[in-house]
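What follows is a set of notes on a single structure, which appears directly below.
Numbering (full-length UniProt numbering), first residue to last: 1 to 293.
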């Protein structure tokens, strides 16, 4: 994602980063259905209209690829050579996964929930459908969505049409696209994308640890434009950063202009970005001690 796109609170759909492991599957929404099965008391088979008729939630979520910045590593990986552009924020609409799991009724012995997409191919010499899992306590979280809209429009094929998982605070590989199956299992899932790929390794012989949520506090700065409003009465919020968990907190702010400073605690609510790009804020009543051209 070019830094100039940070001027938008929501990343335009066509500019939101993409990582597609296999081919984009051709799915007919009229015949597609989502199967909920495994260690559940009441297996479900849900059509897209069934999901749209359920409780609806809309969330603005920042998503980052686990490989973001990997081209800066030594030695440089040959695949997915991201620099720092594999991040984007979108407004997602769907139904909470927790409601579907509650209706299906997880068995007491269920430990994980496996999500499988319709995309299929070869990786590491293994033929597979793309699949990832979540622990049952995470899967039951209220902010995890079965999403069918992105920025107010039905999902585009490359973003997972007709349905994808959305897991805020976790790297993008967890948000399985083209979702076709949700399976509760009684033993930890050991699929390729979980046990082999997406693991932190110190060397080639290290089995590695599971890659989960992104680091808190990552930030970028977008370049100023020549048309930016300037003057003592205007200020600009340019830093973009996010927390790794939704919620509320407190932040201490500090503003400086030519030697004048103001600081103090400010109550904040959780937002995908801490910026309102392109806008000028009100006068803060600060006058610099000296002016320079």
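Yeah, the Cβ is synthetic: ideal placement off N, Cα and C, and Gly gets one too.
| task | Please name the residue, chosen from 139, 187 and 151, that lies closest to residue 165 on a Cα-to-Cα basis. | result | Mapped onto the chain shown, residue 165 falls at position 165. It is 139 whose Cα lies nearest to the Cα of residue 165.
| What number of angstroms, rounded off, separates the C-alpha of residue 149 from the C-alpha of residue 155? | Numbered from 1 along the chain shown, position 149 holds the residue referred to as residue 149. Numbered from 1 along the chain shown, position 155 holds the residue referred to as residue 155. Cα to Cα, the separation comes out at about 5 Å.
| query | Which of the three DSSP states, helix, strand or coil, is assigned to residue 111? | reply | As a first step, residue 111 is located in the chain shown; it is residue number 111 there, counting from the start. Coil.
| Which residues mark the beginning and the end of the alpha helix (DSSP H) in which residue 124 is found? | Residue mapping note: residue 124 aligns to position 124 of the chain shown, counting from 1. Taken as a continuous stretch (DSSP letters only), residue 124 belongs to no alpha helix (DSSP H), as it is neither H nor E.
| Counting pairs of Cβ atoms below 8 Å between the stretch 17-37 and the stretch 45-53, do you hit three or more? | yes
| request: Return the residue from the list 55, 152, 191 and 158 that minimises the CA-CA distance to residue 100. | output: In the chain shown, the residue the question calls residue 100 occupies position 100. Checked all of 55, 152, 191 and 158; the closest Cα to residue 100 is 55.
| task | Output yes or no for whether 7 Å exceeds the beta carbon distance between residue 146 and residue 109. | result | Looking up residue 146 in the chain shown gives position 146. Looking up residue 109 in the chain shown gives position 109. No, the Cβ-Cβ distance between residue 146 and residue 109 is not below 7 Å.
| Continuous beta strand (DSSP E) stretch holding residue 54: start and end | Counting from 1 along the chain shown, the entry for residue 54 is found at position 54. Taken as a continuous stretch (DSSP letters only), residue 54 belongs to no beta strand (DSSP E), as it is neither H nor E.
| query | What separation, rounded to the nearest whole angstrom, lies between the Cα atoms of residue 151 and residue 205? | reply | Start at 1 with the first residue of the chain shown, and residue 151 comes out as number 151. Start at 1 with the first residue of the chain shown, and residue 205 comes out as number 205. Cα to Cα, the separation comes out at about 43 Å.
| query | Is the Cβ-Cβ distance between residue 179 and residue 117 less than 7 Å? | reply | Sequence index remark: in the chain shown, residue 179 carries index 179 (1-based). Sequence index remark: in the chain shown, residue 117 carries index 117 (1-based). Taking 7 Å as the Cβ cut-off, residue 179 and residue 117 qualify as a contacting pair.
| task | Taking only runs that begin and end inside the stretch 9-54, name each unbroken beta strand (DSSP E) of 3 or more residues, in chain order. | result | 34-38 and 44-46
| Since residue 99 is in the alpha helix (DSSP H), which residue starts that stretch and which ends it? | Looking up residue 99 in the chain shown gives position 99. Unbroken alpha helix (DSSP H) run through residue 99: 97-104.
| request: Just the C-alpha distance for residue 136 and residue 74, rounded to the nearest angstrom, thanks. | output: Position 136 of the chain shown, counting from 1, holds the residue named residue 136. Position 74 of the chain shown, counting from 1, holds the residue named residue 74. Cα to Cα, residue 136 sits roughly 36 Å from residue 74.
| Is the distance from the Cβ of residue 162 to the Cβ of residue 61 below 7 Å? | The count along the chain shown starts at 1 and reaches residue 162 at position 162. The count along the chain shown starts at 1 and reaches residue 61 at position 61. Not a contact, by the Cβ cut-off of 7 Å.
| Could you check where the beta strand (DSSP E) with residue 140 kicks off and where it finishes? | Position 140 of the chain shown, counted from the first residue, corresponds to residue 140. That residue, residue 140, is in no beta strand (DSSP E); it is neither H nor E in DSSP.
| Hey, out of 143, 142, 144 and 112, whose CA is closest to residue 131's CA? | If you number the chain shown from 1, residue 131 lands on position 131. Closest option to residue 131, Cα to Cα, is 112.
| query | Would you call residue 126 buried or exposed, if buried means 16 or more other Cβ atoms sit within 10 Å of its Cβ? | reply | Taking the chain shown and counting its residues from 1, the one referred to as residue 126 is at position 126. With fewer than 16 other Cβ atoms within 10 Å, it is exposed.
| Mapping DSSP to helix, strand and coil, what is residue 174? | Taking the chain shown and counting its residues from 1, the one referred to as residue 174 is at position 174. In the structure shown, residue 174 sits in a helix (DSSP, three-state: H, G or I).
| task | Take residue 160 and list the residues in its own chain whose beta-carbon comes closer than 6 Å to its own, dropping the five residues that flank it on each side. | result | As a position in the chain shown, residue 160 is number 160, starting the count at 1. Correct list, in chain order: 177 and 178.
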